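Scroll down for the structure; my scribbles are underneath it.
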Amino acid sequence: MTGSIGGLERFDSPGKGRGLRVTRPFKVGELLFSSPAYACVLSVKERGCYCEFCFTRKESLARCGKCKKAFYCNAKCQKGDWSFHKLECSAMTAFRENWCPSEISRLVARILAKKVGQLLKEVASDVDNERREMNEAEIAALHRFYSKHLELPDHKDLLTLFSQVACNGFTIEDDELSHLGTAIYPDVALINHSCLPSVIVTYNGTSAEVRAVQDMKPGDEVLISYIDLLYPTDDRNNRLRETYYFTCDCKECKSKSKDNAKLKVRKQSDPIEQDVISNMMRYARKTVREFRALKGIKNILHELLEMCEQSLEEMGAVFDDSNVYMLHMMYQAMGICIHMQDADSAIRYGEKILKPYSQLYPPYSLNVSSMYLKLGRLYMGLERYSMGISAFKKAMTIMEVAHGKDHLYLTELRKDMVQK
């Protein structure tokens with residue numbers, strides 16, 4: 001570990017490599033440790049809303065006088081960020097609208113600027129062709145936009161570094177799980193995966209905080225989930241293989257105890273035949289992939305909503321409303337409705353999602369608390385205050401464990417509730 005953290009030790013986890021375990025008991029909601037980011041980068045989409053250095057959200061941020069693109073709380077934050085911002089400032093000015101490195105390229109540039117040795121877990125060397133092509137494109141961008149200010153390693157070392165960052169990087173998210181940026185936390189990256197996690201990672205500015213979501217006794221391994229746990233076992237392990245190059249053998253993956261509930265079919269007088277269910281599963285997975293591919297395209301919200309509605313109609317003939325593929329498309333439809341400022345439709349989808357989410361996700365899931373927050377804010381916007389406050393209280397029950405009772409998100413939420 002990069003430093004000494006009380007109550008924890010590094011060990012060789014059987015079948016997993018390096019890991020962390022506790023050396024004393026921890027209760028649900030207790031903080032195991034907090035880790036400052038070794039390197040982090042704010043998403044370009046959030047510039048102007050958050051400070052580039054500390055990720056504080058506030059109005060009237062100060063703009064960088066040269067590039068006019070980066071924003072800071074004050075001169076102290078701007079000075080603190082300069083060693084990283086100088087990698088981009090002149091390039092953004094020179095390239096203007098053609099400045100377009102990806103977030104992972106920007107993060108790798110910041111890691112290289114610190115010029116230190118191995119900090120991250122080793123990853124599989126036999127990456128698939130698609131990932132290798134992506135890494136090659138990232139390296140080309142790194143040379144184009146950063147070679148003036150960085151001494152870049154050789155090509156092989158860059159390929160290794162990009163693969164390591166892809167597997168060890170963390171997405172910093174807000175209270176509604178919206179993407180704010182990407183960061184590297186070497187100590188947190190030691191934590192192995194399980195579909196039955198014992199801890200959860202949340203963010204306080206640019207720091208990662210690790211809290212227990214199960215009571216832990218000495219010797220217990222510290223485990224987080226690397227993926228969205230809503231989906232059935234086969235889908236989860238496909239995702240793990242594609243992104244992290246391993247499969248999970250936790251108790252839940254062996255028993256598949258929740259798969260029947262996650263793949264629930266609609267009750268009918270004549271049971272639906274298995275081949276019909278299998279065909280609909282293939283349709284659902286194909287639709288999810290196609291939607292993901294289209295989601296990044298601008299100005300097609302109406303088309304995406306129509307795709308959601310059509311797929312829900314198709315799947316709804318076979319799947320129950322609580323089936324995870326139905327929930328996936330309802331969640332996407334809700335997000336689109338929020339962007340289109342159609343609060344009533346967003347609420348309609350959100351209310352259908354909440355109960356199954358609460359049943360299918362593990363306790364203290366941020367996916368559940370964020371859904372309560374979104375619904376609460378939608379209710380408040382429509383002046384349905386009692387329903388909004390009720391949703392906020394349910395979100396707070398989860399967030400007090402996951403984020404800690406004194407987190408800024410909880411402080412702001414309490415203020416919102418008092419004002420109404």
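Those letters in the sequence shown? Residues 1 to 420, per UniProt numbering, in order.
For each residue, glycine too, the CB sits at the ideal point set by N, CA and C.
The model shown is predicted, which means the values in this text are computed figures rather than measured ones.
How would you label residue i, buried or exposed, when you count the other beta carbons within 10 angstroms and need 16 or more for buried?
i              : result
cysteine 100   : exposed
serine 269     : exposed
glycine 169    : buried
alanine 124    : Interpretation of alanine 124 is limited by its pLDDT of 48, a score under 50 that renders its predicted location unreliable; the figure taken from the coordinates is listed afterwards. Result: exposed.
threonine 287  : buried
arginine 236   : buried
leucine 48     : The identity of residue 48 in the sequence shown is glycine, whereas the question assumes leucine. Glycine 48 is exposed by the Cβ-count criterion.
lysine 405     : exposed
methionine 329 : buried
Can you give the Cα-Cα distance for residue i and residue j, rounded to whole angstroms?
i              : j              : result
lysine 415     : serine 225     : 32 Å
serine 163     : serine 102     : 14 Å
lysine 264     : leucine 31     : 36 Å
glutamate 176  : methionine 280 : 31 Å
tyrosine 50    : asparagine 74  : 12 Å
methionine 134 : alanine 141    : 11 Å
leucine 20     : tyrosine 185   : 14 Å
asparagine 299 : methionine 334 : 17 Å
methionine 347 : leucine 304    : In the sequence on display, residue 347 carries isoleucine and not methionine. Using only the alpha carbons, I get a separation of about 18 Å.
glycine 3      : arginine 18    : Because the pLDDT at glycine 3 is just 48, under 50, the model does not fix this residue reliably, and the point stays unresolved.
valine 201     : tyrosine 325   : 26 Å
aspartate 12   : tyrosine 203   : 27 Å
Taking the alpha carbon of residue i as the point to measure from, which residue in the options has its own alpha carbon closest?
i                : options                           : result
serine 34        : Thr23, Arg211 and Cys195          : Arg211
phenylalanine 84 : Asp128, Tyr38 and Arg96           : Tyr38
arginine 282     : Met417, Glu173 and Asp234         : Asp234
leucine 229      : Leu294, Pro362 and Asp187         : Pro362
glycine 205      : Ala346, Thr171, Lys79 and Lys394  : Thr171
leucine 408      : Val44, Thr56 and Arg21            : Thr56
glycine 219      : Arg348, Arg24, Val201 and Asp406  : Arg24
lysine 27        : Arg348, Trp82, Ser370 and Met216  : Met216
tyrosine 146     : Met330, Arg131 and Ser105         : Ser105
lysine 355       : Ile227, Ala343, Ser369 and Ile389 : Ser369
leucine 152      : Pro232, Ala113 and Ala402         : Ala113
alanine 137      : Lys254, Leu159, Asp128 and Lys148 : Leu159
Kindly indicate which three-state DSSP category residue i falls into: helix, strand or coil?
i              : result
methionine 326 : helix
asparagine 279 : helix
serine 269     : coil
glycine 388    : helix
glycine 80     : helix
serine 358     : helix
asparagine 204 : strand
asparagine 237 : helix
arginine 63    : strand
isoleucine 398 : helix
alanine 124    : Note that alanine 124 scores 48 on pLDDT, short of 50, meaning its location in the model is unreliable and no value can be drawn from it.
isoleucine 297 : coil
isoleucine 172 : strand
valine 210     : strand
From the DSSP secondary-structure annotation, give me the bridge partner or partners of residue i.
i              : result
tyrosine 50    : Arg47 and Arg57
arginine 18    : Asp12
asparagine 192 : Leu223
cysteine 40    : Ala183
Are there any heavy atoms of the ligand ZN lying less than 7 Å away from the beta-carbon of residue i, as far as the coordinates show?
i            : result
tyrosine 357 : You won't find the ligand ZN in this model; it holds no ligand whatsoever.
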